[in-house]
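Visitor: The structure follows.
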Amino acid sequence: MATRPRRPLLLSALSVLGLAVVAATGSGVQADREPGILTPPPPRTPRINGPSVYGVRPGRPFLYRIPAIGDRPMRFRAEGLPAGLALDEATGIVRGTITDLTPRSHQLTLIASNARGRASRPFRIVVGDTLALTPPMGWNDWYTFYEQPSDELMRKAADIMISSGMADHGYQYVNIDDAWMGKPGSNDPALAGPARDERGMINANGRFPDMKALTDYIHALGLKAGLYTSPGPLTCAGFHGSHGYEAQDAARFVEWGFDFLKYDWCSYEKVAPKGSSPDPERLQKPYRQMGTLLKEQPRDIVLNLCQYGMGDVWTWGAEVGGHSWRTTGDLGLEKGERLPGFYSIGFRNARHSAFAGPGRWNDPDYILIGYVGNAHDISEPPKPTTLTPNEQYSYMSMWVLMAAPLFYSGDITRLDPFTLNVLNNAEVIAVNQDALGLQARFVRKTDDEFVLVKPLEDGSLAVGLFNLSEETRTISVRMAELGVNRRRVRDLWRWKDIGVFEDDYSASVGRHGVMLVRMDPIP
Ligand code: GAL
Numbered sequence: 018m019a020t021r022p023r024r025p026l027l028l029s030a031l032s033v034l035g036l037a038v039v040a041a042t043g044s045g046v047q048a049d050r051e052p053g054i055l056t057p058p059p060p061r062t063p064r065i066n067g068p069s070v071y072g073v074r075p076g077r078p079f080l081y082r083i084p085a086i087g088d089r090p091m092r093f094r095a096e097g098l099p100a101g102l103a104l105d106e107a108t109g110i111v112r113g114t115i116t117d118l119t120p121r122s123h124q125l126t127l128i129a130s131n132a133r134g135r136a137s138r139p140f141r142i143v144v145g146d147t148l149a150l151t152p153p154m155g156w157n158d159w160y161t162f163y164e165q166p167s168d169e170l171m172r173k174a175a176d177i178m179i180s181s182g183m184a185d186h187g188y189q190y191v192n193i194d195d196a197w198m199g200k201p202g203s204n205d206p207a208l209a210g211p212a213r214d215e216r217g218m219i220n221a222n223g224r225f226p227d228m229k230a231l232t233d234y235i236h237a238l239g240l241k242a243g244l245y246t247s248p249g250p251l252t253c254a255g256f257h258g259s260h261g262y263e264a265q266d267a268a269r270f271v272e273w274g275f276d277f278l279k280y281d282w283c284s285y286e287k288v289a290p291k292g293s294s295p296d297p298e299r300l301q302k303p304y305r306q307m308g309t310l311l312k313e314q315p316r317d318i319v320l321n322l323c324q325y326g327m328g329d330v331w332t333w334g335a336e337v338g339g340h341s342w343r344t345t346g347d348l349g350l351e352k353g354e355r356l357p358g359f360y361s362i363g364f365r366n367a368r369h370s371a372f373a374g375p376g377r378w379n380d381p382d383y384i385l386i387g388y389v390g391n392a393h394d395i396s397e398p399p400k401p402t403t404l405t406p407n408e409q410y411s412y413m414s415m416w417v418l419m420a421a422p423l424f425y426s427g428d429i430t431r432l433d434p435f436t437l438n439v440l441n442n443a444e445v446i447a448v449n450q451d452a453l454g455l456q457a458r459f460v461r462k463t464d465d466e467f468v469l470v471k472p473l474e475d476g477s478l479a480v481g482l483f484n485l486s487e488e489t490r491t492i493s494v495r496m497a498e499l500g501v502n503r504r505r506v507r508d509l510w511r512w513k514d515i516g517v518f519e520d521d522y523s524a525s526v527g528r529h530g531v532m533l534v535r536m537d538p539i540p
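According to the working numbering, the sequence shown is numbered sequentially starting from 18.
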């Protein structure tokens, strides 16, 4: 049956919304057309955020800080906590090692209460072989600090992850990128010295006096620590890589207490130049080697493959032991033409939706908003993003819908309210962290607009209506295109119920903006 635009049943939502958007966007100069902070202040009653499912290998240390917003002090409880784990009631940090080594699920109820109320949520711990059951979230220093990471910086980043509320929204990993090791030929005394000790174990450079003390600091906050290296002799920035010492490096990362490794192809190209052996074996070999080594360790380490999408990595990344893989080149180097670079990176990443799932994520690179350094000239100080507010909402919405790992890589030491509003929206992040783990697929894509849909575990759909054009535009989606009929629609950036829609849903969306909604089934 042909559908024609229908008005919503409960509210005249489009006109209400249209008015709101027009009022917020105006019709004059571009600045007037851009929204500011869309999301209302968070509730003061407790709300538990983060995933509802979490994977751990049998016998490995467990660490999870329950992300929750609402007034502090807050008290946490967990019903059904498996033997071996303990919860700190004041911080919500769960630690220990589950004594039952049987691969199985443990069903818990997490409870948070404060002076204003109480919230509870189911949480499943899956003891098995799969880690990263939902996309990893955190911060990585690369796009702000480039070759200057240090112990001091990473501690500060961990502190800010807590104080900014990022951790309360599920951000968890504090990740050091390139340049934590020595650099051959460097005149900088902090970067000089032997690459490895007498056991062949890699040394950190002078900016990291004690890696174990650093990860202890991060873990004490309930957060996790990540590191970077290359299977080649040198990293991309010319620091010492792992080549020939892979087993020692895996053991070293465990000894130091790291929880995440980004393994960056880089100078491995020289070890295995094109044609030296058939692809994809040539491309897979170093990753299979590190993936296998990490699985054997007495500690869970999430493995991120960084090789820019070569050899269709999404088809084999999980099989070699990866939990996520970059699908493209560096976002910070991507030259946008008519549109900013995150769109083209995102569009390429979006094509591989069929390959994503729990423990296996397509990674379109980091979220670059707020103050960001210049990847083309790393000596330049970080500057405020040139992305408009609408573009930032679109960027975050695309990453969330694509079930992308959510790593902020702008300057975490200079977070402004707008940037935090984009990063820390509990209802938006819930879409990314949904336990079903599906990556959104395109419903439609033209030069002027696109629509992405991500089915969620509870039967609802997350739908993004994106405007690529230079003018405010009405974007529609037919329920039939989504395979559903009547749905209740909620605006996830504004936390507003919009109404019940039958045949289709339309929204007026500003230049390069997005309407991100959840469509719930009506019983
Ligand atoms: C690139 C990688 C970036 C960053 C950089 C470090 O190859 O894609 O994300 O890690 O190396 O040198």
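Heads up, the beta-carbon is just placed ideally off N, CA and C, and yes, glycines get one too.
How long is the line joining the alpha carbons of D85 and G187, rounded to whole angstroms?
Guide: The question names Asp, yet the displayed sequence has Ala at residue 85. Their backbone Cα atoms lie some 8 Å apart in a straight line.
Visitor: If you drop the 5 nearest sequence neighbours on each side, which residues of the same chain put their C-beta closer than 7 Å to that of L170?
Guide: Cβ within range, chain order: D158, F162.
Visitor: Quick one: Cα of F275 to Cα of K241, how far?
Guide: One C-alpha to the other measures close to 7 Å.
Visitor: Excluding five sequence neighbours on each side, which residues of the same chain lie with their C-beta closer than 7 Å to the C-beta of V46?
Guide: With a pLDDT of 34 at V46, under the threshold of 50, the modelled position of this residue cannot be trusted, and the question is left open.
Visitor: Specify the secondary structure class of K462 as computed by DSSP and reduced to three states.
Guide: Strand at K462.
Visitor: In this structure, how does DSSP classify S370 when only helix, strand and coil are distinguished?
Guide: In this structure, S370 counts as helix in the three-state DSSP scheme.
Visitor: Can you tell which of A212, P99, A132 has its C-alpha closest to the C-alpha of L118?
Guide: Checking every option, the nearest Cα to that of L118 belongs to P99.
Visitor: Assuming V73 is part of the beta strand (DSSP E), what are its boundary residues?
Guide: From DSSP, the beta strand (DSSP E) with V73 extends over 70 to 73.
Visitor: Candidates T116, F140, T114: which alpha carbon is nearest R94's?
Guide: Selected option, being the one with the closest Cα: F140.
Visitor: Could you tell me how far apart the beta carbons of V337 and R305 are, in whole angstroms, since I believe they sit closer than 8 Å?
Guide: Right, their Cβ atoms sit about 4 Å apart.
Visitor: Quick one: is R355 buried, meaning 16 or more other Cβ sit within 10 Å of its Cβ, or exposed?
Guide: Classification for R355: exposed.
Visitor: Since N192 is in the alpha helix (DSSP H), which residue starts that stretch and which ends it?
Guide: That residue, N192, is in no alpha helix (DSSP H); its beta strand (DSSP E) goes 190 to 192.
Visitor: Do P375 and T147 count as a contact pair if the criterion is CB distance below 8 Å?
Guide: Contact flag set, yes.
Visitor: Taking 7 Å as the cut-off, is the beta-carbon of E245 closer than that to any non-hydrogen atom of the ligand GAL?
Guide: The question names Glu, but residue 245 in the sequence shown is Tyr. Correct: Y245 has its Cβ closer than 7 Å to the ligand GAL.
Visitor: Give me the Cα-Cα distance between T430 and T403, rounded to the nearest whole angstrom.
Guide: If I take the Cα positions, the gap works out to 19 Å.
Visitor: What did DSSP end up calling F424 once you bin it into helix, strand or coil?
Guide: Note: F424 maps to strand in three-state DSSP.
Visitor: The ligand GAL and A254: does the residue's C-beta get closer than 7 Å to at least one heavy atom of that ligand?
Guide: Checking every heavy atom of the ligand GAL against the Cβ of A254, one is found closer than 7 Å.
Visitor: Taking 6 Å as the limit between beta carbons, can you name the residues of its chain near I177, skipping five residues before and five after?
Guide: Excluding residues within five positions, the ones whose Cβ falls inside 6 Å are I429.
Visitor: Among P52, V494, P538, which residue has its Cα nearest to the Cα of F459?
Guide: The candidate whose alpha carbon is nearest that of F459 is V494.
Visitor: So for A41, helix, strand or coil by DSSP?
Guide: Only weak support is given to the placement of A41: the predicted model assigns it a pLDDT of 31, under 50, and the question is left unresolved by the model.
Visitor: Does the beta-carbon of W159, which I'm using as the reference point, lie nearer than 7 Å to any heavy atom of the ligand GAL?
Guide: Correct: W159 has its Cβ closer than 7 Å to the ligand GAL.
Visitor: Using a 10 Å radius around the Cβ and a threshold of 16 neighbouring Cβ atoms, would you call S426 buried or exposed?
Guide: Label assigned to S426: buried.
Visitor: In this structure, how does DSSP classify N407 when only helix, strand and coil are distinguished?
Guide: It is helical.
Visitor: Does the distance from the C-beta atom of A132 to that of D194 stay below 8 Å?
Guide: In this structure, D194 does not lie closer than 8 Å to A132 by Cβ.
Visitor: In the DSSP assignment, find the alpha helix (DSSP H) that holds K241 and state where it starts and stops.
Guide: Counting along the chain, K241 falls outside any alpha helix (DSSP H), though it belongs to the beta strand (DSSP E) covering 241 to 246.
Visitor: Can you tell which of P250, Q165, M532, A237 has the C-alpha that lies nearest to the C-alpha of N222?
Guide: For the residues P250, Q165, M532, A237, the minimum Cα distance to N222 belongs to Q165.
Visitor: Can you tell me whether G308 is buried or exposed, with buried defined as 16 or more other CB within 10 angstroms of its CB?
Guide: Label assigned to G308: buried.
Visitor: Using a threshold of 8 Å, state whether the C-beta atoms of L541 and V448 are closer than that.
Guide: Since the first residue of the chain shown is 18 and the last is 540, residue 541 is not available in this structure.
Visitor: So what's A289 in DSSP terms, helix, strand or just coil?
Guide: Reduced to three states, the DSSP call for A289 is coil.
Visitor: If you reduce the DSSP assignment to three classes, tell me which class D233 lands in.
Guide: Helix at D233.
Visitor: With a cut-off of 8 Å, do at least 3 Cβ pairs link the segment 220 to 240 to the segment 199 to 207?
Guide: As far as the Cβ criterion goes, the segment 220 to 240 touches the segment 199 to 207, which means the pair count is three or higher.
Visitor: Go through its chain and collect everything with a Cβ distance to D464's Cβ below 7 Å, but skip five positions before and after it.
Guide: These residues qualify, in order along the chain: L485.
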